[in-house]
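Reviewing the structure listed below.
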Amino acid sequence: MELRIVLQKRFGSFDLDMDVAISHFRTGVFGPSGSGKSTLVSMIAGLERPDNGLIQLNGETLFDGSLDMPPDKRRIGIIFQHPHLFPHLSTQGNLLYGLNRCPADLRRVDFDTLVEVLQIGHLLKRGVNHLSGGEKQRVAIGRAVLSNPRLLLMDEPLSALDDTLRFQIIGYLKSVCETFSIPFIFISHSLLEMRLMADQVLNVAGGRIIGSSSAEELARQRLGSSQVGYINLLELGRSCEAGTLYAYPWGAARLLLSAGSDRDNSIAELSSKDIILFKQHPEAISARNLLQCTVRSLFSSGRKIGVELECSGNTLISEVVQDAVTELGIAPGGTVYAAVKASAFRMLPG
Amino acid sequence: MPSFSSAEYAAILLSLKVASTATLVSLPFGFGAAYLMTYCRFRGKIALDVAVNLPLTLPPVVIGYLLLILLGQKGFIGRHLLEPLGIRLIFTWKAAVIATAVVGFPLLVRSIRIGMETIDPMIIKASRTLGAGWLDAMFSVIIPLSLRGVLAGSALMFARALGEFGATIIVAGNIPGVTQTIPLAIYDYASSPDGDAMAMLLCLVSVVISVLVLLFHEYLSRRMIRVD
Amino acid sequence: MRTIISLFLVMLFALPVQAAELSISAAASLKEVINELSVSYAGKNPGVTFTKIYGGSGQLAKQVEQGAPADIFISANYEWMEYLKTRGVVDVKSVDTFAYNVLVFAGRTEQKIGGFRDVVRLARIAIGSPKSVPAGEYAMEAFRKAGLDKQLEKKLVIAKDVRECLMYAERGEVDGAFVYKTDALQLAGNSKILFTVPQDLYPRVSYPMALTASGAKKPEAAAFLAFLKTSEAKAVLMKHGFQVR
C-alpha cells in the first residue's frame, strides 16, 4: 500500500499544509483536537476538497489540480467516531450496503467470516436502534470492511466508548484488518490507543506534520511532557494468589499486584513515574516488587531522563532527574534495583 | 334536510380528483426543490427560497390572476407555448390543478425539508464512502429517511388543496361538473338566499375530509419526531 | 381651543336641511343607468349622497335580509323581490316596476351562430349563477323550454353576475355569454350580440323596485324612488337601452 499525499487547505483561521508518503500497513495519525487530523481523513476519503495538492493511492491519482474523484469511486472506507448506521435498514442491511456496491470481482471479504470475527451473528436481523453502543460500532466496522476498501481510515473510532469497550473494539479492529489484509490509518489523540494499534505514527499539530516515528519512540519522546510519564505496557500471564496479593508471571520475571484477574493473558500499565531506582539493594522496603535490572540506555525528554532497563528479558522504562543520574552514577551496563508498589499497576480491560 | 344531487357529488369527486392530482404532480418538484434547498449550495439560492415560499404569502386571487395572465391566450406562456401546441388550460380542470398546486407547493416543500433536515448528514457521508454515488445515496438513504416528511407534506398540501378557492375561481372558473370544486359550490349556494342549508351540508363534508387528512398528518409528524 | 369647538359645532348644524345618505342595492345590469340617475339627482338635491351596491339580485337580497344597509332595492326579477316581501324586509306599498330588458347572447365575432339552438355547438358558455342571478335564471329557463339543458351540462361557466359574464366573453375565456341587451352596449369590440333570445322561451325581464323597511323611514328615499318613475328617468333608461313599458 502506498499513499502519497500533498495537501493544502485553508478555512477560517485554520491552515493545513501536509506532504507525506504512507506505506506502512498500520499507520497512526496522532495529535490533539483541532490539529487537522479529521480534515486530513476527510480529504483522503473525498468528503472534503483540498484547496490544492495531490492524493495518490497505489499509483492511482485520486485528486490533483484537475481531477477530484468522488468518494464512491475511491474505495476507501471510513470508520467514524460514531457508528452512523442507517436507521431504516436492519443490521444485515447495513452490513451488506457497501458489499452490494462493490464490483463482484473485487470482493475478497467473506461475510460469514467477518460476522464471526466481530461476533455479530446474533444481531443480524435486529433493527439498529436496538443495539448497544459497542454493538453498533462493531456493525459499523463490519459495514466498512465489507465494502472491500483498499484502505481503511479510522477517525477516532474509540473516543465515544467507555474504557472496557474501547479495548475490546481495539481487539476487533486489529483482528479484522489482519484477517482480511486491509491497511489502515488510525487517528486518535490517545497515545495508548496509538501504541496498541499502529506501527508508524505521524505526529500532527496545527495543521502540520511535526514528526513521524514508531509509536514506541513517540511515547518515549513524550515522557518529559506527559503528566503520566511513559506508560510501560507489561504483558502478564495467569495470576495466582500470593497471600493478600497476586503473583503474575512477566516473561521470566514475577510481579506482585494488588488486583487479581481470571484471564490467561492481560496487559498492565505502569507509569515510569512509579518506578524508583536504587543503586544498591535496599534492605527493608514497603514496595513489594523489587527487580534487579541492567541499564540499557538513557535518553532525555524535556527535563527528565528516561532510563531503559532490562529485567529478566523484559524491558522497563523509568524516569529520573538529571541530578539523580549524576549522584547515582546511572550509566548503560550498570545494575540498579527498581522498586514498584503492588498498587501502582493498572490492568487494561480485556 | 336537503340531499345531494348529482351536481354536489360531482363537486365532491372533483375536489378529491383535483387535490390528489395536484399533490401527485407536485411531489417530484417539491422533492427536488427541498433537495436543492437542503443539500446544495449555489448562487441564487435565496431566489429559490423566496420563489418557493411566495405563494404562501400572496393572496390566492393574486396567484390566480398572475396564472391567468401567464397561461391565458394573451399570456407569455399561453401565446408562445400553449397556443401553438393547441393546449387550452384556462377554464379546464387542469387549470384548477395548476392553481391548487401552486398554492399548496410551499407547504409541501416545507414539510419535506424538515424531514430531510432531520437526517444526520454523516449518514449520507457514510453512504458515499461505502460506494454510493449521489443519485444512489438519494434513493437508498435520503428518500427512505425523508419519507415521513414527504407524506406529511402531501397530507398538508392535500388538505389545503381541498379548500382552494381564490386562485381556482379565477383561472378555472366555476363550471359545474368540470371545475366546480366544493368551495366553489359552497360559494354558489352561499350567494343564494335559499341555498344556506346546502352550503352548510357541503361545508360539513369539507370539514370532515379536512379533519381526517389533518389527523393523518399529525400522526405522521409525531412519528417523525420520535425517530430521532 | 374654544374657537375650534364653536367652529365645529357651527359646521355640524349648518348642514343643509335635506342632508341624507341613501344606500341603493341594485342588479348589476343597472349600474350605468343608476349611476347617471343618482348623479343628476344629487346635482339637483345637494346634501343627498348615494352609496351604491351592484351585484346578482339573489346575492343582494340575501345581504339585505341579513341586515346590509340598503334603503332602496331594485331586482332583475320578481323572485327576489317576493323573497324580501315575504320576509317583511321591503315596504310592500312602495313596490313598482322600474324598467324592462331583453336577454341576448353575446360572443366573439369569428363565430357563426345564427340562432338560439346553435349554442349547443359551442364549448363554453357563461351565465350568471341560476341560484342567485336573474339573467342566469332566465337563461336556464330558456334552455329548459327549448329542451337544450341536458346538452349544455358541463359547458356552463357560472359567473357571479352579468358583468362577470360580460368580462368572460370579452376576454375570450368563453365562446359567449347570456347577458342583457343593455349590457351589450358595454362591449368593447372583441364581442358583439349574436342573437336575441326568443321571448317565448322565458318570462319578461322586469326590474321591480321598492323601499326597504329602513328606507321607508327616510323621506329622501321615497323622494328618490318617485324620481325614478319620472319621464326624465325613463328617458335616461331608454338611452341606455332599457324598455320602459
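Residue numbers (this note's numbering), protein chains in the order written: chain A, 405 to 754; chain B, 972 to 1199; chain C, 5 to 249. Idealized CB from N, CA, C, for every residue including glycine. No experiment lies behind these values; they were computed from the predicted model shown.
Assigned secondary structure, residue i (DSSP; H/G/I helix, E/B strand, else coil)
i, result
"A/Cys644", "strand"
"A/Met558", "strand"
"A/Asp423", "strand"
"A/Arg414", "strand"
"A/Ser617", "strand"
"C/Pro20", "Its pLDDT being 48, under 50, C/Pro20 is placed unreliably in this model, and the coordinates cannot settle the point."
"B/Ser1117", "helix"
"A/Arg626", "coil"
"B/Glu1054", "helix"
"B/Arg971", "Outside the shown range of chain B (972 to 1199) lies residue 971 of chain B, about which nothing can therefore be said."
"A/Arg505", "coil"
"A/Ser442", "helix"
"C/Ile28", "strand"
"B/Leu1185", "helix"
"A/Ala672", "strand"
"A/Ser494", "strand"
"C/Met213", "strand"
"C/Thr234", "coil"
"A/Ile524", "coil"
"A/Met751", "strand"
Whether residue i touches residue j by CB criterion (8 Å)
i, j, result
"B/Val1074", "B/Gly1001", "no"
"B/Thr1150", "B/Trp1064", "yes"
"A/Ile774", "A/Ile589", "For residue 774 of chain A there is no data in the structure shown, the boundaries of chain A being 405 and 754."
"A/Glu714", "A/Ile721", "no"
"B/Val1021", "B/Pro1077", "no"
"C/Gly245", "C/Gly180", "no"
"A/Ala623", "A/Ser716", "no"
"B/Ala981", "B/Gly1137", "no"
"C/Tyr58", "C/Val106", "no"
"A/Asp509", "B/Gly1104", "no"
"B/Leu1127", "B/Ile1153", "no"
"C/Val201", "C/Tyr104", "no"
"A/Arg505", "A/Ser579", "no"
Per-residue contacts from residue i into chain B (C-beta, under 8 Å)
i, result
"C/Ser79", "The premise fails here: C/Ser79 is roughly 11 Å from chain B at the closest Cβ pair, so nothing lies under 8 Å."
"A/Gly435", "Correct list: empty, because the minimum Cβ distance to chain B is about 21 Å."
"C/Leu160", "Ile1146, Pro1147"
Chain-ordered chain B contacts of residue i [CB-CB under 9 Å]
i, result
"A/Ala451", "For clarity, residue 451 of chain A is Leu in the given sequence; the question names Ala instead. Those within 9 Å of A/Leu451 in chain B are Lys1096, Arg1099, Thr1100."
"A/Ser551", "Thr1100, Leu1101, Gly1102"
"A/Phe484", "Met1093, Lys1096, Ala1097"
Neighbouring residues, chain B, relative to residue i (Cβ below 7 Å)
i, result
"C/Glu258", "Because chain C is modelled from 5 through 249, residue 258 of chain C falls outside the range shown and cannot be assessed."
Residues near residue i by beta carbon distance below 7 Å, same chain, minus five either side
i, result
"C/Ala225", "Leu26, Asp75, Ile76, Leu215, Gly219"
"A/Pro454", "Leu411, Gln412, Lys413, Met447, Phe467"
"B/Ile1090", "Ile1113, Leu1116, Ser1117"
"C/Tyr87", "Ala65"
"A/Ser417", "none"
Contacts of residue i in chain A (Cβ-Cβ under 7 Å)
i, result
"B/Ile1103", "The sequence given here has Ala at residue 1103 of chain B, not Ile. Result: Asp476, Arg505."
"B/Val1176", "Within 7 Å Cβ-Cβ: nothing; B/Val1176 doesn't reach chain A, min ~37 Å."
Same chain, Cβ closer than 6 Å to residue i, neighbours up to 5 away in sequence not counted
i, result
"B/Phe1129", "Ala990, Thr994, Val1184"
"B/Leu1027", "Pro1077"
"B/Ser1125", "Thr994"
"B/Gly1166", "Tyr1160"
Interface partners of residue i on chain A, CB under 9 Å
i, result
"B/Leu1116", "Phe490, Pro491, His492"
"B/Met1109", "By Cβ distance, chain A contributes nothing, its closest Cβ being about 12 Å from B/Met1109, past 9 Å."
"B/Val1121", "Within 9 Å Cβ-Cβ: nothing; B/Val1121 doesn't reach chain A, min ~14 Å."
Contacts around residue i, its chain only, beta-carbon distance under 8 Å, and the 5 residues preceding and following it disregarded
i, result
"B/Tyr1158", "Phe1136, Ile1140, Asn1145"
"A/Gln684", "Tyr741"
Interface partners of residue i on chain C, CB under 8 Å
i, result
"B/Ser1212", "Because chain B here runs from 972 to 1199, residue 1212 of chain B falls outside it and cannot be looked at."
"B/Tyr980", "Correct list: empty, because the minimum Cβ distance to chain C is about 14 Å."
Are three or more beta carbon pairs between the stretch 1074-1092 of chain B and the stretch 1107-1124 of chain B nearer than 8 Å?
Taking 8 Å as the limit for Cβ pairs, the verdict is that the stretch 1107-1124 of chain B does touch the stretch 1074-1092 of chain B.
Contact between the stretch 429-443 of chain A and the stretch 457-464 of chain A is defined here as three or more beta-carbon pairs at a separation below 8 Å; is this criterion met?
Three or more Cβ pairs closer than 8 Å define a contact, and the stretch 429-443 of chain A falls short of that threshold against the stretch 457-464 of chain A.
Within the chosen definition, does the stretch 99-113 of chain C reach the stretch 203-220 of chain C through at least 3 CB pairs nearer than 8 Å?
Contact holds between the stretch 99-113 of chain C and the stretch 203-220 of chain C, because three or more Cβ pairs, one in each stretch, are under 8 Å apart.
On the three-pair Cβ rule with 8 Å, is the stretch 131-145 of chain C touching the stretch 160-175 of chain C?
Contact holds between the stretch 131-145 of chain C and the stretch 160-175 of chain C, because three or more Cβ pairs, one in each stretch, are under 8 Å apart.
With three or more beta-carbon pairs closer than 8 Å as the criterion, would you say the stretch 681-698 of chain A touches the stretch 741-751 of chain A?
Note that the stretch 681-698 of chain A touches the stretch 741-751 of chain A; at least 3 beta-carbon pairs, one per stretch, sit closer than 8 Å.
Stretch-stretch touch, CB-based, cutoff 8 Å, three pairs: the stretch 50-69 of chain C with the stretch 182-200 of chain C:
Result no; under three Cβ-Cβ pairs closer than 8 Å.
Touch check for the stretch 1089-1107 of chain B and the stretch 484-501 of chain A: three-plus C-beta pairs under 8 Å?
Below 8 Å, enough C-beta pairs join the stretch 1089-1107 of chain B and the stretch 484-501 of chain A to call them touching: three or more.
Assess, as a yes-or-no matter, whether the stretch 571-587 of chain A is touched by the stretch 644-653 of chain A under the definition of 3 or more beta carbon pairs within less than 8 Å.
The stretch 644-653 of chain A is not in contact with the stretch 571-587 of chain A.
Could you say if the stretch 545-555 of chain A and the stretch 495-507 of chain A meet the contact criterion of at least three C-beta pairs nearer than 8 Å?
The stretch 545-555 of chain A is in contact with the stretch 495-507 of chain A.
Cβ contact (3+ pairs, closer than 8 Å) linking the stretch 229-245 of chain C and the stretch 37-51 of chain C:
Proximity of the stretch 229-245 of chain C to the stretch 37-51 of chain C meets the contact definition, three or more beta-carbon pairs being nearer than 8 Å.
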